[in-house]
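Visitor: Take a look at the following structure, please.
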Amino acid sequence: HEAINKAKEILNHKEPNKTERTQLNQTREQFLGNMHQYFKNAISNSKPAQEYLQSRSLDHKKIEVGYNTGQFHHGARKEETLINQCLEYGLLIDKDILGRTGEKAYSVFGKWSICFALKNKENKVVSLYFRSILNDKESKHFYLKNRQGLHPYYPKPTTKHLILTESIIDTASLLQIKPIAENYSLLACYGTNGLTEEHIKSIKEWSEVAPSPLGYRVPTSINEYICKKNDYGQFI
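In the numbering used here, the protein residues as written are 15 to 250.
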């Protein structure tokens with residue numbers, strides 16, 4: 015029950031009376047921020063997650079990454095607020111079935127996956143991305159419903175150089191390289207066709223306040239961001 019107690023601690027859990035229950039509801043940002051912190055804490059106790067990260071040359075001590083064992087709701091059945099918020103934001107899915115104990119059973123979203131945060135302009139966690147560590151042929155990429163936010167964060171006004179990557183894993187890899195992390199800002203797309211309106215808007219707003227005028231139209235697709243070399247080996 016150590017993991018359950020830690021989850022309750024992360025979620026500011028206490029034993030409430032009936033009049034206090036309604037006061038425990040947290041905002042989306044507070045709840046997902048706390049859950050992401052819980053997942054981050056869990057990764058240090060998961061050998062499979064650490065081995066997967068190592069296979070991708072990722073160091074959990076250098077990047078903000080967590081791991082979802084799918085156990086965060088076990089033992090907390092009596093805490094309706096936790097269950098309801100997990101259902102509301104998509105971390106649990108109600109399939110209307112009962113478990114072996116006769117209690118309602120839930121399907122855990124993003125189970126056995128490493129986890130990354132998507133953040134809003136205020137740098138608050140507003141969604142989560144999960145990447146399965148299982149070696150199967152099924153879908154490996156999962157975003158919470160009503161996806162919003164960017165990873166690792168919105169471009170800062172002081173940013174001089176912005177690098178767009180195809181995926182969150184690519185961004186995590188680059189953030190481990192000190193010269194890149196210190197001199198560039200990064201922004202992950204959600205796959206080859208994953209340049210969203212939120213990406214484009216954030217880049218446009220950044221370009222208007224960037225230290226050096228960019229002087230070009232903000233592209234509308236990921237393909238327009240791809241640099242090509244001419245016959246002289248120069249980027250165009």
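Positions of the beta carbon are idealized from the N, C-alpha and C atoms, including for glycine.
Quick check: is any heavy atom of the ligand SAM less than 7 Å from the C-beta of alanine 119?
Guide: Absence of the ligand SAM is noted for the structure shown, with no ligands found whatsoever.
Visitor: In chain order, which beta strand (DSSP E) runs of at least 3 residues are fully inside the region 75-162?
Guide: 80-82, 106-112, 118-122, 127-133, 139-146 and 155-157, all fully within the region 75-162.
Visitor: When the Cα atoms are used, what is the spatial distance from lysine 192 to glutamate 94?
Guide: As a first step, residue 192 is located in the sequence shown; it is residue number 178 there, counting from the start. As a first step, residue 94 is located in the sequence shown; it is residue number 80 there, counting from the start. Their Cα atoms are separated by approximately 44 Å.
Visitor: Let me confirm a value: histidine 165 is counted as buried when at least 16 other C-beta atoms fall within 10 Å, else exposed. Which label applies?
Guide: Taking the sequence shown and counting its residues from 1, one reaches residue 165 at position 151. So histidine 165 ends up on the buried side.
Visitor: So, at 6 Å on beta carbons, what are the nonlocal neighbours of isoleucine 77 in its own chain, with the 5 sequence-adjacent residues on each side left out?
Guide: Position 63 of the sequence shown, counted from the first residue, corresponds to residue 77. Closer than 6 Å at the Cβ level, and outside the excluded window around isoleucine 77, lie Ala186 and Leu189.
Visitor: In this structure, does DSSP put serine 216 in helix, strand or coil?
Guide: As a working mapping, residue 216 is identified with position 202 in the sequence shown. Helix.
Visitor: Leaving out five residues before and five after alanine 17 in sequence, what residues of the same chain have Cβ atoms less than 6 Å from its Cβ?
Guide: Translated into positions along the sequence shown, residue 17 becomes position 3. Summary for alanine 17: the model assigns pLDDT 48, below 50, so the residue's position carries little reliability; its value from the coordinates is reported in the next sentence. Excluding positions up to five away in sequence, the list reads Gln85.
Visitor: Within 10 Å of its beta-carbon, does valine 139 have 16 or more other beta-carbons around it, so buried, or fewer, so exposed?
Guide: Your numbering for residue 139 matches position 125 in the sequence shown. By the neighbour-count rule (16 or more Cβ atoms within 10 Å), valine 139 is buried.
Visitor: Hey, out of Phe53, Glu180, Ala224 and Ser60, whose CA is closest to leucine 209's CA?
Guide: Position 195 of the sequence shown holds residue 209. Looking at the Cα atoms, Glu180 is the closest of the given residues.
Visitor: Please report the distance separating the alpha-carbon of alanine 63 from that of serine 146.
Guide: Within the sequence shown, residue 63 is the residue found at index 49, counting from 1. Within the sequence shown, residue 146 is the residue found at index 132, counting from 1. Approximately 10 Å between the Cα atoms of the pair.
Visitor: Please report the distance separating the alpha-carbon of glutamine 51 from that of glycine 80.
Guide: What you label residue 51 is simply residue 37 of the sequence shown in a count that begins at 1. What you label residue 80 is simply residue 66 of the sequence shown in a count that begins at 1. Going from the Cα of glutamine 51 to the Cα of glycine 80 covers about 8 Å.
Visitor: What residue from Leu201, Tyr198, Ile183 and Asn98 has the CA that sits closest to arginine 70's CA?
Guide: Looking up residue 70 in the sequence shown gives position 56. The option with the nearest alpha carbon to arginine 70 is Ile183.
Visitor: Please list, in chain order, all residues of the same chain as leucine 101 whose beta carbon is under 7 Å from its beta carbon, the five residues on each side excluded.
Guide: The residue you call residue 101 lines up with position 87 of the sequence shown. Taken in chain order, the residues that qualify are Asp108.
Visitor: Measure the CB-CB distance between lysine 135 and tyrosine 168 and report whether it falls below 8 Å.
Guide: As a first step, residue 135 is located in the sequence shown; it is residue number 121 there, counting from the start. As a first step, residue 168 is located in the sequence shown; it is residue number 154 there, counting from the start. A contact, by the Cβ cut-off of 8 Å.
Visitor: In whole angstroms, give me the CA-to-CA distance for leucine 112 and phenylalanine 123.
Guide: The residue given as residue 112 occupies position 98 in the sequence shown. The residue given as residue 123 occupies position 109 in the sequence shown. If you take the alpha carbons of leucine 112 and phenylalanine 123, they lie about 17 Å apart.
Visitor: Is asparagine 82 near phenylalanine 53, with beta carbons less than 8 Å apart?
Guide: Here residue 82 refers to the residue found at position 68 when the sequence shown is read from its first residue. Here residue 53 refers to the residue found at position 39 when the sequence shown is read from its first residue. Yes.
Visitor: Output yes or no for whether 8 Å exceeds the beta carbon distance between leucine 46 and leucine 142.
Guide: Translated into the one-based positions of the sequence shown, residue 46 becomes position 32. Translated into the one-based positions of the sequence shown, residue 142 becomes position 128. Yes, Cβ-Cβ distance for leucine 46 and leucine 142 is below 8 Å.
Visitor: Helix or strand or just coil, what does DSSP make of serine 199?
Guide: The residue labelled residue 199 in the question sits at position 185 within the sequence shown. In this structure, serine 199 counts as strand in the three-state DSSP scheme.
Visitor: Are there 16 or more other CB atoms within 10 angstroms of the CB of lysine 133, so buried, or fewer, so exposed?
Guide: In the sequence shown, the residue the question calls residue 133 occupies position 119. With 16 or more Cβ atoms within 10 Å of its Cβ, lysine 133 is classed as buried.
Visitor: Taking the alpha-carbon positions, what's the leucine 158 to serine 121 distance?
Guide: Numbered from its first residue, the sequence shown carries residue 158 at position 144. Numbered from its first residue, the sequence shown carries residue 121 at position 107. For leucine 158 and serine 121, the distance between alpha carbons rounds to 14 Å.
Visitor: For my contact list, tryptophan 220 and leucine 176 are in at a C-beta cut-off of 8 Å; report their separation, rounded to the angstrom.
Guide: Locating residue 220 in the sequence shown gives position 206, counting from the first residue. Locating residue 176 in the sequence shown gives position 162, counting from the first residue. Indeed they touch by this definition, with Cβ atoms about 7 Å apart.
Visitor: May I ask which residues mark the beginning and end of the beta strand (DSSP E) holding isoleucine 191?
Guide: Numbered from its first residue, the sequence shown carries residue 191 at position 177. First-last for isoleucine 191: undefined, no H or E at that position.
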